[in-house]
Structure formats: C-alpha cells, structure tokens
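Numbers -20 to -1, 1 to 541, taken from mature numbering (1 follows the signal peptide of the UniProt record, and there is no 0), label the letters of the sequence shown in order.
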Amino acid sequence: MRQGLNRRSFLSSAATVAGAAAVAPLLSACGGGGGKHKSGANTEQGMKAALPAYVPNTAVPADIPGVSGGSNGAVTDPGFLSYPANPVATVQGVPGKGGSYTAVTPLWGTVPPAGNSFYQAMNKALGVSFEMKPADGNNYNTIIPTMTAAKKLPDWINLPAWWNSNFNTGGLADSQLADLTPYLAGDKIKQYPNLAAIPTGAWQTGVWGDKLYGIPCFSTAMPLPGAVFYRRDLLEAKGITADQVKSADDMMNLGKELTDAKGGVWAFDDVWTYLSIAWGIPAKWTLKDGKLVHKYELPEFLEALDWHYKLASAGYLHPDAIAGNNSDAGTRFYAGKTLIGGGGLGAWNLADHQSGIAADPNYRRGAFNIMTASGTGNPQIFMGSSSSMLSYLNAKLKPEQIEELLAVANYLAAPYGSAEYTLINFGVEGVHYNRVNGVPTATDEGKKDVQATTFPFLAAPPSVISNPGGDQVTKDYTAWQAANVKTLYKPLFWNMNLSMPQQIASADSGQAVEDTIKDCYHGKKKVSDVQAAISTWKSNGGDRLKQWMTDNVLSKYGTGQ
C-alpha cells in the first residue's frame, strides 16, 4: 500500500470510500449554515495563480522510480523494496521559532498520553510547542461543526475532504481558515522544498474561490479510484492470466468457469463500482455537443447495469455480496470463496498479504488491467481525487505564525525514508522503535505513544509504495500502476471544490437511484426499475441539478480539465 497509510487500518477502508466518492461526486457538495459562500468553484486563471509550483524531490531515490503517463499528467507512485538504512536529513536546522500551538486531527485508535516522550521529541525537532488534541475519528464529522459554530478552531486542523459538506469547508475558507496564497502560490513555495514536491492536483483540492487554503496530507499523482482485484494464485493455477481477460464477455466466461456453488466458491464479489467503468461511464458528467449529460442518462450506463444484472442472475455473484454483507468481503477473498472483487487500492498492501497467506500460503493479490467492455479501443479510467486529507491553519494567526507553521509543514512533508520522516512515523530509535531486519519496528513505548495519524495528518509527503518484508506486493502493485498509468484521464470538474445549495446537493447524491442501482446489480430489480428511478430523479431535482451545474459551474468556470 502507499506508505504513510499502511499503518492506518482505517484508511484501508477509507481508500475504498475515497474511491467510491471519486466514482460518484468528485465535487464537494457544501451546503448548509454558517459563513458566506463566496468560496466555491475556481476560475481557470484564478486557480493557476493560486497553485504552488511543482518541484520533484530527489533526496531519497526509489528502487522503482515513478513512470509518467504523458499528457494526462499522471505519474505512478515510486516503489521501495527496503527502508533506507541511513536516512538523510532534508531540513537544515530547526524549522520553528519557539511558538506554541494547538492542533486537532482525527484518530481511529487509542489516544496517546498527553506530553508523552514522542510528543516531546517532536516538539524538540520542530522547535515549537504543540498541544496535540487527537479527536475520535468515528465522531469527527460531528465534533468539528461544534467548534466552527463557536468559532473556536485550533491553530491547525485536519478536515478530511469527504466531510466537506458536514464541515461547510467552503464557508470556513471564507471566514475561519487562513489564506495561504500569499505564502505558497507559484514560486513562493520553493522556500519549502518538501511542500513543493506535493503534486499540483493535490494542492488543487485545497483551493476555494481562487485562493489556496488547504495543505494536502496524503497525495498522489496516480489518483485511481480503484480496481477489479483477483486471486492471482488461484487463477494462474487454472492457467488463467490477467492478459487473457480483456472484455466483459471474458469476465462473464470467468463467472461460468470459476463458480462452483456446491463447492462454496463464487467467481465474483461486488464489482459494479470499478468494472462498470469499462463501459466508458464517466465519474458523473460528460459533455455531448457542448451540453452537460449526467451518467444516468447515458445508454452505456444502462448497458453496464444490464450486464451486471445478468452476472448476478446467472449465480456468479456470492450470496453474501447480494445480501449486502460487505464487511466479510476480505474474509471471503482470503478463503477463496470469491475470486474476483472490486475495491479501493488501499487494499493492496503488506497487511493484506499477511492476512492472505495466513489463510492460504500461496495467496497473491492481482488486479486486472483497465479494459473496455467490448475488448476493443483504448481503455480509459477517470482520475479520482489527488488528495482527500487536508489540513488548514486558523485565520486568526499572525503572518509570522503562519510562516512558522509552514516551515513546520515543510518538515512534516519530508520524503519517505528521510530522517524527518523516520522520526515523524516511528519516533526515536532505541526508544520508540528498533530496526528488525532493517525495518523500523515499534517498541512497547512506540506502540503506546507514536500514532501516525497525528503529525502526518497535518502534512505528509506524496505517496510511495513500500511493503517491507513483502517485496512481491510492491513489485506487483508498481508494475500494475505502470501498465495502466496512460489510461487515466481528468474527468469533468476534476478536483474542483464547489459549494452547492442543499436542494441541489441532495439531487447530486441521487440516493434513491443509487439504492435501486445496487438492487439491480445484485439481481433483485431489473434495469427497467432503474430507468423508472432515474425518471423520477430527473423530475424531482435531477434536471434542476443539470441546469444549476450548467449555469453556475460550466458556463462560469469551465470543465476543470
């Protein structure tokens, strides 16, 4: 998995959530109370003026360098087969100047003791005094609005993008969050080399109303929404390789060949979200003759649904998937009860490998290449969000305080394997971790004090792929990325932040249609039922949504591509 996330079990699922969000909204529907909504979509020129320059960081060379996708701007995540033995420092001296600050980040885990040895070591290295206040990640979407309503935000806060609508981030950007444009736009970011190495698309997710507010915490230049995975070990044992599977017909034939219901094996778990892309379905919108068309209105959308309905009706989809039991999908996959399933790329990591080989020593995850349903033409997949975790500084901070915290952010964004990264993610050697076979491994004190969802949730370097002790995982994942990097394209309104009125946001979610779609690809309802749901959706708000998007986004700000 992308390093920096692999110690956070919540992000294995969050990667899937982020992928699903990319497949659906791709726009932050920010409505509701609080704050003027001057923020929102960005003009093309305003966006260019606000974005920082991009300068790649070469301080820590990768074992498997990134591969460019060419004109689409995508670059694969670099791969590391071992943790650097002698971490290099990328920041000279201490970045802070003795300031005292508060910071709030979401935490899915046990809150470390206040003032612990790790916090002390970090404050010393950063040259500031941080009062870290991790908050319950499960309730974070309700905790933060209480702070914003009282206008009592900390100095530095993490606001996950998937909760932009809960937080009204667009409104906060116009009132309670600091404008970082004067400090980071264009070449100004070059005084912060580690921040300058964050991909441009990731910074774009933090721009509201032509001004830069957000600092990306986890970012990638290979923002794929997900993939269709398969049990590579079991399929190859049957003489089936990924390059033989190039079309929807091939997939259906696999369903017939691999399903053995009497033996408790079904070819498929849920695949709709990621396989439906093979029919050329956009993230949400496309342009036809210069006019917006929603994916629900496309004939290929119904064709994809019809295929998935037939897949379920033929008995090739696991009964538990049809019943909506998604929590056990991983267990089914490890046990070989399902052999093919869709998911976010956060699943492809060392923890997955270890769980898999515990169930089957031969376990090996693979992913099918991006394909077209017909098996002809050029396969394409839309880019997801370049970053879904961002942090923000308080608008009440003085300019010199903002500069101090940006210097700290530059330290926190030091590249994978650097001296700074090692401290931030593992603590002090001999205290919080020891090297075991070259890999930083937590001590008891490290397990208690070092939560990698604290400081990295304020700023972090771009993603890499690293699975110490699981080199095959890294080689497989990087090879798959390299094989598919040229298939990516920027969808309409890519990485665009948008503030929507509540009624429009409700239509944008299309929840009633989505529920019917799920019943259809599970074989419970027919395509005609989905068509009826779409017709109702159009008359109850879908047509207004299209007009609103045309008048307020497309006509004013363009496609965002």
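Idealized CB from N, CA, C, for every residue including glycine.
Contact between Leu160 and Leu204 fails: their C-beta atoms lie close to 28 Å from each other, not under 8 Å. Distances from the CA of Lys376 to each of Asp523, Pro279, Lys132 and Leu438 were compared; the closest alpha carbon is that of Lys132.
Counting along the chain, the unbroken alpha helix (DSSP H) around Leu234 starts and ends at Ala228 to Leu238. Contact annotation: Thr530 and Leu472 have beta-carbon atoms that are not nearer than 8 Å.
The C-beta separation of Phe437 from Pro86 comes to about 7 Å, placing the pair in contact by the 8 Å criterion.
Its chain contains His288 and Tyr501 as the residues whose beta carbon lies nearer than 6 Å to that of Trp252, once the 5 sequence neighbours on both sides are disregarded; these appear in chain order. Our two residues, Asn66 and Asp429, have alpha carbons roughly 24 Å apart in a direct line. In the DSSP assignment, Asn405 falls within the alpha helix (DSSP H) that extends over Ala399 to Phe406. Distance from Trp328 to Arg345 at the Cβ level is roughly 6 Å; contact confirmed, criterion being Cβ atoms closer than 8 Å. With 16 or more neighbouring CB atoms inside 10 Å of its own CB, Asn37 falls in the buried class. Taking all protein chains shown into account, Glu237 has fewer than 16 neighbouring C-beta atoms within 10 Å of its C-beta and is therefore exposed. Judged by DSSP in its simplified three-state form, His412 adopts coil rather than helix or strand.
Note: Val273 is bridge-paired with Thr266 in the DSSP secondary-structure output. Judged by DSSP in its simplified three-state form, Ser446 adopts strand. Check the Cα spacing between Leu330 and each of Gly295, Trp246, Thr421 and Asp451: the tightest is with Asp451. Along the length of the stretch 76 to 149, whole alpha helix (DSSP H) runs at least 4 residues long occupy 97 to 106, 120 to 129 and 144 to 147, reported in chain order.
Asn477 carries a strand assignment under DSSP once its states are collapsed to helix, strand and coil.
In the three-state reduction of the DSSP assignment, Met529 falls in the helix class. In this structure, the beta-carbon distance from Ala432 to Asn390 does not fall below 8 Å.
In the structure shown, Gly522 adopts helical secondary structure according to DSSP, grouped into three states. One alpha carbon belongs to Lys242, the other to Ile123, and they sit about 49 Å apart.
Close CB contacts of Glu24 within its chain, under the 8 Å cut and outside five residues either way in sequence, are with Tyr537 and Gly538 (chain order). Spanning the alpha carbons of Gly73 and Glu383 requires a straight line of approximately 16 Å.
At least 8 Å separates the beta-carbon of Ile337 from that of Ile257. When rounded, the separation of the alpha-carbon atoms in Pro45 and Asp57 is 8 Å. Contact annotation, Thr90 with Lys113: C-beta distance approximately 15 Å; criterion of less than 8 Å not satisfied.
In the three-state scheme derived from DSSP, where H, G and I count as helix and E and B as strand, Val507 is classed as helix.
The beta carbon of His298 lies closer than 8 Å to those of Trp246, Phe248, Asp249, Arg312, Lys317 and Thr318 in the same chain, with the five residues before and after it left out. In this structure, Ile178 lies near Ala393, with their beta-carbon atoms less than 8 Å apart.
Under DSSP, Ala422 forms a beta bridge with Tyr413.
With the rule of 3 Cβ pairs closer than 8 Å, the stretch 352 to 359 does not count as touching the stretch 140 to 152.
Looking at Val493, Met369 and Asp240, the one whose alpha-carbon comes closest to that of Thr516 is Val493. Rounded to whole angstroms, Trp188 and Asn477 show a C-alpha spacing of 6 Å. Taking 8 Å as the cut-off, the beta carbon of Gly426 is found no closer than this to the beta carbon of Tyr63.
For the stretch 309 to 373, the continuous alpha helix (DSSP H) assignments of 4+ residues that do not extend past its boundaries occur at 309 to 314 and 330 to 339, in sequence order. In the same chain as Phe348, and ignoring 5 residues on each side of it, the C-beta atoms closer than 6 Å to its own belong to Val208, Ala222 and Val225, in chain order.
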